[in-house]
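In the working numbering, the protein residues as written are 1 to 341.
Accompanying notes for the structure given below.
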Amino acid sequence: MYGMVTIERHIIEQERDQPGASGMLSELLYDIALSCKIIQREVTRAGLIELLGKTGDINIQGETVAKLDEYANDVLVRTLSQGQRVCLIGSEEVDDMIVPAESATVGKYVVAFDPLDGSSNIDANVSIGTIFSIFRRRSPLGGQPTREDLLQPGNELVAAGYVVYGSSTMLVYTTKGGTVNGFTYDPSVGEFLRSHIAIRTPDRGHIYSVNEGNTESWEPGVEDFVKRLKHADPDLGRPYTSRYIGSLVADFHRNLLYGGVFLYPRSMSGGRKGRGKLRLLYEAMPLAMVAVNAGGAAHSGDQPVLDIVPTELHQRTPLFIGSRLDVEEVLACMQAANGKR
Ligand code: FDP
1 MYGMVTIERH
11 IIEQERDQPG
21 ASGMLSELLY
31 DIALSCKIIQ
41 REVTRAGLIE
51 LLGKTGDINI
61 QGETVAKLDE
71 YANDVLVRTL
81 SQGQRVCLIG
91 SEEVDDMIVP
101 AESATVGKYV
111 VAFDPLDGSS
121 NIDANVSIGT
131 IFSIFRRRSP
141 LGGQPTREDL
151 LQPGNELVAA
161 GYVVYGSSTM
171 LVYTTKGGTV
181 NGFTYDPSVG
191 EFLRSHIAIR
201 TPDRGHIYSV
211 NEGNTESWEP
221 GVEDFVKRLK
231 HADPDLGRPY
241 TSRYIGSLVA
251 DFHRNLLYGG
261 VFLYPRSMSG
271 GRKGRGKLRL
281 LYEAMPLAMV
291 AVNAGGAAHS
301 GDQPVLDIVP
311 TELHQRTPLF
321 IGSRLDVEEV
331 LACMQAANGK
341 R
């Protein structure tokens, strides 16, 4: 049974612990929660109101845009633009940065988001989600924002989180140096109620999540790691269980709660040769902040995800994220394989 702490009250309580806080970040978080309530309403009705299917457009990632993606993007852009809090927005669905005319000079924050992650699953009613990153503006107030406001490393995030639209809708977020808290949406009262306080992820999990169809193109060491996980070792709880929804936010959320590791390695062949698939600003970075603040880890194979300084808005990265000891082990396997080459 949940206590009756709404997300709004939780955000206000947190703000009280920050002497000197202006309240703008709290309002911004509340705007995001409100947008996600609207998005979840349409996600649950999508089949009835003809929001399923494709718009016919191709987005910046070269993917066909699903109608719900576009809807979710519009809701977030509109809500964030109307408040006076955000000077710059980056969306996975939009080629360039969005500068909200109303608040470009006065907004203290920058937001990047993936409005609807896991969109290839939408038409099959599989869990999908919204992921967001919040930075403090770097350019001076009073002027126009710059690209550098958005191209900040994860270590500079002031808050990040996600909403998973699943069997119930849940919002999970964390702030700099803070705990990770989860709120379950109660449709009867129209509120996100606090349901998971100070989430900690197990140091070692028992689940691995990876698209095994790509095994032949994985970077060296990843296959060795996955083989280890399949090998019976009762002391380490092995063999692990394989779970892959193909919707990052849902795979991540399950692994965060139960313990496990999600892998999306660099591809060594095909169109994405030498690159990962997932987007740094909209997917890897915000989930890395959640994982790290919950006691887990997130790495690109080259460096901790939160240390990467983005050079492009839609930059992709390999991602190894989840329980700390599992992430450390996959990195060790990759290092060993690279040493052998
Ligand atoms: P989708 O293509 O459905 O939008 O980043 C997008 C993403 O989903 C992630 O949510 C998901 O984890 C991943 O791609 C799935 O990729 P594969 O289909 O290559 O496994």
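By construction, the Cβ of each residue, glycine as well, lies at the ideal position given by its N, Cα and C atoms.
Cα-Cα separation between H231 and N214, rounded to whole angstroms: Answer to the nearest angstrom: the Cα atoms are 20 Å apart.
Beta-carbon contacts of S242 that lie in its chain and below 7 Å, excluding the five residues immediately before and after: Counting only Cβ-Cβ distances below 7 Å, and skipping sequence neighbours, we find Y208.
For H299, the three-state DSSP class (helix, strand or coil): In the structure shown, H299 sits in a strand (DSSP, three-state: E or B).
8 Å contact criterion, which A298 and A291 should meet: CB distance rounded: That pair is a contact at about 5 Å.
Helix, strand or coil at N338 according to DSSP, with G and I counted as helix: Helix.
Assigned exposure category for A198 - 16 Cβ within 10 Å defines buried: Exposed.
Test item: CB-CB of G190 and Y162 under 8 Å: Going by C-beta atoms, G190 is not nearer than 8 Å to Y162.
Cβ neighbour criterion (16 or more within 10 Å) applied to I131: Burial check for I131: the Cβ neighbour count within 10 Å reaches 16 or more, so the residue is buried.
The stretch 162 to 178 in contact with the stretch 135 to 143 per 3-pair CB rule at 8 Å: Touching, no.
Between the CA atoms of V110 and K67 - distance to the nearest angstrom: Cα to Cα, the separation comes out at about 25 Å.
Host beta strand (DSSP E) of I11 (start-end): Where I11 is concerned, there is no enclosing beta strand (DSSP E), although the alpha helix (DSSP H) it sits in stretches over I7 to R16.
Distance cut-off 7 Å: D123 Cβ against heavy atoms of ligand 1: Closer than 7 Å to some heavy atom of ligand 1: that does not describe the Cβ of D123.
Closest residue to H314 among G295, A332, L281 and C333 (Cα-Cα distance): The option with the nearest alpha carbon to H314 is L281.
Under 8 Å between C-beta atoms of I39 and V75: Inclusion of I39 and V75 in the CB contact set at 8 Å is warranted, their separation being smaller than that value.
DSSP beta-bridge partners of T317: Beta bridge pairing from DSSP links T317 with L278.
Of the residues A250, P310, N293 and P286, the one placed nearest N125, counting alpha carbons only: With respect to the C-alpha of N125, the residue from A250, P310, N293 and P286 having the closest C-alpha is A250.
V305 versus V327 - alpha carbon distance: Those two C-alpha atoms are separated by around 12 Å.
Reduced DSSP category for T174 - H, G, I as helix; E, B as strand; rest coil: It is a strand residue.
Segment limits, alpha helix (DSSP H) that includes Y258: Counting along the chain, the alpha helix (DSSP H) containing Y258 begins and ends at L248 to Y258.
Reduced DSSP secondary structure (H/G/I, E/B, other) of N181: N181 falls in the strand class under three-state DSSP.
I207 - containing beta strand (DSSP E), residue span: Counting along the chain, the beta strand (DSSP E) containing I207 begins and ends at I207 to S209.
Coarse secondary structure for S81, derived from DSSP in three states: The three-state reading of DSSP puts S81 in helix, counting H, G and I together.
Distance CB(S167)-CB(T184) smaller than 8 Å: No. Outside cutoff.
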